[in-house]
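*Asks:* Here the sequence shown is numbered in this note's numbering, starting from 57 and rising by one per residue. We treat Cβ as the ideally placed atom computed from N, Cα and C, and that holds for glycine.
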Amino acid sequence: MNDGKGFTSVISRLQESATVESVYGRPIESNGKTIIPVTKIRYGFGGGYGTDSDGDEHREDADDEDRESTGAGMGGGVIATPTAIVEITDSETRVIPTGSNTRLAAVALVCLGLGYLVGRINPFGR
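Here it is as structure tokens:
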């Protein structure tokens with residue numbers, strides 16, 4: 057049994073999908089402007105394999121000493137996050153970041169919340 061074929065297949069598909077077209081979307085033309093969406097692509101995957109072929113007699117479920125146990129698992133995922141828009145006109149080209157204000161506000165709220173909690177817990181703050 058060749059368990060490496062599945063892993064090789066996943067790697068092959070990842071290599072095929074990791075292209076410039078994955079990051080830069082198709083240009084959209086409207087009202088004298090060309091808009092090109094830009095995304096951040098993140099890949100993640102993991103796998104595992106296990107075997108127990110020692111025929112341990114002390115196991116409760118050890119019915120047959122010749123029995124071999126094997127196992128394999130693999131998983132992965134892809135996340136595409138919009139990061140910017142490239143706007144091209146006759147007079148200029150601009151890169152407009154997306155979502156930066158939302159992230160900044162979320163970080164500020166988390167910091168304020170943590171500061172409040174630490175202030176309430178710290179007995180030396182009073």
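1. Excluding the five sequence neighbours on either side, which residues of its own chain have a C-beta within less than 8 Å of the C-beta of Thr149, listed in chain order?
2. Hey, would you say Tyr172 sits closer than 8 Å to Val134, going by beta carbons?
3. Return yes when the Cβ of Val79 is within less than 8 Å of the Cβ of Phe101, no when it is not.
4. What did DSSP end up calling Thr4 once you bin it into helix, strand or coil?
5. Cβ atoms of Ala140 and Thr154: under 8 Å apart, would you say?
6. Have a look at Glu77, Arg82, Lys61 and Thr90 and flag the residue whose alpha-carbon is nearest the alpha-carbon of Thr145.
7. Which of helix, strand or coil does DSSP assign to Gly175?
8. Can you tell me whether Ser125 is helix, strand or coil according to DSSP?
9. Assuming Gly127 contacts Gly106 (C-beta within less than 8 Å), just tell me the rounded distance between them.
10. Expressed to the nearest angstrom, what Euclidean distance is found between the alpha-carbon atoms of Lys61 and Val76?
11. Between the C-alpha atoms of Met57 and Ala164, what's the straight-line distance to the nearest angstrom?
12. Three-state secondary structure (DSSP) at Arg159?
13. Out of Gln71, Asn87, Ile97 and Pro138, which has the shortest C-alpha to C-alpha gap to Arg159?
*Replies:* Reading off the structure:
1. Within the same chain, Cβ atoms closer than 8 Å to the Cβ of Thr149 are found at Val142 and Glu143, the five residues on either side in sequence being excluded.
2. With contacts defined by Cβ atoms closer than 8 Å, Tyr172 and Val134 do not form a contacting pair.
3. Not in contact: Phe101 and Val79 (Cβ atoms no closer than 8 Å).
4. It is not possible to answer for residue 4, since the shown part of the chain is limited to 57 through 182.
5. Result yes, Cβ atoms of Thr154 and Ala140 sit closer than 8 Å.
6. With distances taken between CA atoms, Thr145 lies nearest to Thr90 out of Glu77, Arg82, Lys61 and Thr90.
7. The DSSP-derived three-state label of Gly175 is helix.
8. Secondary structure at Ser125: strand, using DSSP grouped into helix, strand and coil.
9. Taking C-beta atoms under 8 Å as the contact rule, Gly127 and Gly106 qualify, at a distance of about 4 Å.
10. Rounded to the nearest angstrom, the two C-alpha atoms are 27 Å apart.
11. Residue placement at Met57 cannot be trusted, given a pLDDT of 46 that sits under 50; the coordinates are not used to answer.
12. If DSSP states are grouped into helix, strand and coil, Arg159 belongs with the helices.
13. Proximity to Arg159 across Gln71, Asn87, Ile97 and Pro138 peaks at Pro138, based on C-alpha coordinates.
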